[in-house]
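Notes follow once the structure below has been shown.
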Amino acid sequence: MKTIFRQVAAVVFVLTITFSLISICQKLGKSIKADITQQKLYTLCDGTRAIIGKLNQPIKMRLYYAKTAAMKAPDNIKYFDNYYEFVKSLLEEYVAASNGMIELEVIDPRPYSDDEVAAIRYGIKRFPITNEEGFFFGLVIQTQFGVEKTIPVFSPNRQNFVEYDISYLIDTAIRRQKKRIGILSGLDVAGDDVTPYMARMMQMQGQKPKQPWAFVQQLKEQYEVVSIPTDVNKIEGVDILLIVHPKDFSDPTLFAIDQYVVRSGRTIVCVDPYCVSDVPPQQMMQMQIEHNPSSEMNKLLVNWGLEMPKDTFAGDRTLAAEAALREGQRPQKIIGFLDLNADCFNRDNVVTAQLNQVRLLFGGVLRETMLSEKEIKDRNIQRTPLVMTTARGNSWTVSNQFELMMPDPAGLWQKFTEGTKPVNVAYLTTGRFKSAFPAGIDIQVPAPKSDDPNAPKTVAKHIPALPEAKDNCAVIVFADVDFMSNILAYRETFFGTMVVGDNGAMLMNAIDDLGGSSELISIRSRGNFKRPFKAVDEIEAKADAQTAEEESGINAEIAGFENELQNVLGSAKKGEEEIIGSAILQKKKELELKIIEAKKRLRQVKVQKRERIEQLGNSFRNFNMLTAPAVSLVIAIILGVHRNLRKRKYISHASDA
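According to numbering that gives the first Met the number 0, numbering within the sequence shown proceeds without interruption in unit steps and concludes at 656.
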């Protein structure tokens, strides 16, 4: 009886110890993780860790995922299960890196529950599955000060930018103030800044206030927008500087821009070798005064690692759009009017990843200047193309601006030759830039009051400069201005101003990206989640190539027989119809036999293709199934040999004793 009791007690103790060890290992194992994916998909980048490290208030994350509803949903919804597991694992990494500043709550909103009501109130999108069940997959971030930021739905086409979207929410949630955007423009894009009373007075006098460009009105819905005069010598008090068509800017103005950038100011520059929106005033047109609609800022761009050649434009035969240059003319393709498609955007950058259609009108070309490897490394210079032509694109030039004022499409096409690599028209460049004015600049200021009538009105004043940036700077450069104009980006309809294409979205994306912290700008695509089976793809490609050769051979045989039949019919004479008919029937039979034989060869090729793929799959399956037993067997053999050696050694020592 005592023996049985001891055995039962031993089993209980063993089970208790086993379950205790499992519990302890589970708790300890949460902090012990290894990201073995090739692209480190589950590892937070340095920019995200820096944003989390700056948290000065606790943040609560609520991940809404209708897991129960997804189990009842069709396959296109069940696909999100793996996506959800990835997002949850990534959010857990945020929690682990926050030192207790981030709390994660995973919620499965059921029909008619308080969780479902809360999800809808937060703005999480609901997709009906049945009359009762709804699918949710979104994220809410809340701060202790009541700020709420939401990702309404984790869209599959944003899967590469999940970390950026989450970090963007955190970064914007802890920055409660509204961003201030300063517009410095050589064009009157801001319109007349008048009060409603002044506007009515101008209308009574027969005058009409100039309306701002549509993109400015769009910016005012999300940001505080201020206009900066073109004769400024210092820029401050703005979060983002938007420079539009910097035409004939003076050195003091360039100095102000230079110092703003060097002091880590976020900047967007839109230059243009020929700005169609830069229309000369009526008086200049009447007096036939020469008007130059180009702008450039190479004096500063060179220090940022870029340059825009003068009178040089981007062209692409496959992207050229049609337009009528004059009233009544038939639309025709213009080499300078480009309709960029989805292949023309950098899919690894958040600014352009989701763009599909952007139109440019006589856009310029941006080229990288020669920098030494040491300078690139020491100053952390990174130049990322954002927008480009296809590989068949190339640059083309004009001798002067007058060739484009009344352009001849046929003549412009003669200036273009197809290239072999894309031409870049937009760049993001970051790094610790040097100043173009390292010694500062002298400006003229009003002289002190004097009773001497011959005293100078102004005196020189020296403004010192910061010769080089201490922190990373970020500048986005577009070699076109017209893409944001009302001509291309918007359209006036009966219902108001409508957005056309992704022109406005591209500018807004650039502002949103630069509006975040420097750490947020450093977060890029997490890479491709779909890992292709390269060996299988190669087998399929090879088999498809063989199939294509067979098919082309069959088509050639058919075409040859058809030509032969036509020749027979053409040479037929009266009275020979029956003979010709029998010859045609014979040829048809031969053709049918040839086709049957060829199709048989095609089936054999496809069978070989399927067999090779199945053989490869069986090899992978056998390898996976046999690996674990093989490793266990090897370990068992090693332990057995080791134990046998120790046993022999013990026996030998015992016999010697």
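The C-beta atom is built at its ideal place from N, Cα and C for all residues, glycine as well.
query	result
How many angstroms separate the CA atom of residue 170 from the CA atom of residue 515?	7 angstroms
Between which two residues does the alpha helix (DSSP H) harbouring residue 412 extend?	408 to 412
Quick check for students: name the residue ranges of the beta strand (DSSP E) that lie wholly in the region 377 to 412, counting only runs of 3 or more.	381 to 387, 393 to 396
In or out: residue 271 buried (at least 16 other Cβ within 10 Å) or exposed?	buried
When DSSP labels each residue in this structure, what does residue 178 get in the three-state scheme?	coil
Is the number of C-beta pairs between the region 249 to 261 and the region 368 to 385 that are closer than 8 angstroms three or more?	no
Checking the sheet assignment: what are the DSSP bridge partners for residue 227?	In the DSSP output, where bridge partners are listed per residue, residue 227 has none listed.
Tell me which residue opens and which closes the beta strand (DSSP E) that residue 459 is part of.	457 to 462
Can you find the residues in the same chain that come closer than 8 angstroms, C-beta to C-beta, to residue 463, ignoring five residues on each side of it along the sequence?	439
Using DSSP with H/G/I as helix, E/B as strand and the rest coil, what is residue 330?	coil
Can residue 238 and residue 180 be called in contact, C-beta distance under 8 angstroms?	yes
Please work out which residues of its chain come closer than 7 angstroms, Cβ to Cβ, to residue 465, disregarding the five sequence neighbours upstream and downstream, and give them in chain order.	258, 261, 262, 434
Determine the direct distance from the alpha carbon of residue 83 to that of residue 226, and round the result to whole angstroms.	45 angstroms
What's the C-alpha gap between residue 141 and residue 56?	10 angstroms
Here's the rule I'm using: 16 or more other beta-carbon atoms within 10 Å means buried, otherwise exposed. How should residue 398 be labelled?	exposed
With distances taken Cα to Cα, identify the nearest neighbour of residue 507 among 474, 63, 351.	351
Among all the DSSP beta bridges, which residues are the ones paired with residue 732?	Shown here, the chain extends from 0 to 656; a query on residue 732 therefore has no answer.
Does residue 643 come out as helix, strand or coil in the three-state DSSP assignment?	helix
Counting pairs of beta carbons, one from the region 141 to 156 and one from the region 56 to 65, are three or more of them closer than 8 angstroms?	yes
Going residue by residue through the region 229 to 310, where are the continuous beta strand (DSSP E) segments of at least 3 residues, counting only ones entirely within it?	239 to 243, 265 to 269
Who are residue 429's beta bridge partners in DSSP?	381, 473
Starting from the Cα of residue 243, find the closest Cα among 94, 183, 254 and give me that residue.	183
Since residue 308 and residue 366 should fall inside the 8 angstroms C-beta cutoff, what is the C-beta to C-beta distance between them, to a whole number of angstroms?	7 angstroms
If you check the beta carbons only, do residue 390 and residue 416 fall under 8 angstroms apart?	no
Enumerate in chain order the residues of its own chain whose CB-to-CB distance from residue 35 is below 6 angstroms, with the five nearest sequence positions on each side excluded.	Any reading at residue 35 is ruled out, since the residue's pLDDT is 47, under 50, leaving its predicted position unreliable.
By the 10 Å Cβ neighbour count, where 16 or more other Cβ atoms means buried, how is residue 573 classified, buried or exposed?	Any answer about residue 573 is weak, because its pLDDT of 49 lies below 50 and its placement is not dependable; what the coordinates show is given next. It counts as exposed.
In this structure, how does DSSP classify residue 498 when only helix, strand and coil are distinguished?	strand
Quick one: using the 10 Å Cβ neighbour count with 16 as the cut-off for buried, is residue 276 buried or exposed?	buried
Spatial neighbours of residue 359 within its chain, please: CB distance less than 6 angstroms, with the 5 preceding and 5 following residues excluded, ordered by chain position.	337, 479, 482
Between the beta-carbon of residue 105 and the beta-carbon of residue 87, is there less than 8 angstroms?	yes
What is the residue span of the beta strand (DSSP E) that residue 90 lies within?	That residue, residue 90, is in no beta strand (DSSP E); its alpha helix (DSSP H) goes 79 to 96.
Applying the 10 Å Cβ sphere with the 16-neighbour rule, what's the burial state of residue 64?	buried
At the level of alpha carbons, what is the spacing between residue 50 and residue 457?	48 angstroms
From the DSSP secondary-structure annotation, give me the bridge partner or partners of residue 339.	357
Across which residues does DSSP place residue 440 in a beta bridge pair?	462
Within the 8 angstroms Cβ cut-off, does residue 86 reach chain C?	Absent here is chain C; the protein component of the structure consists of one chain.
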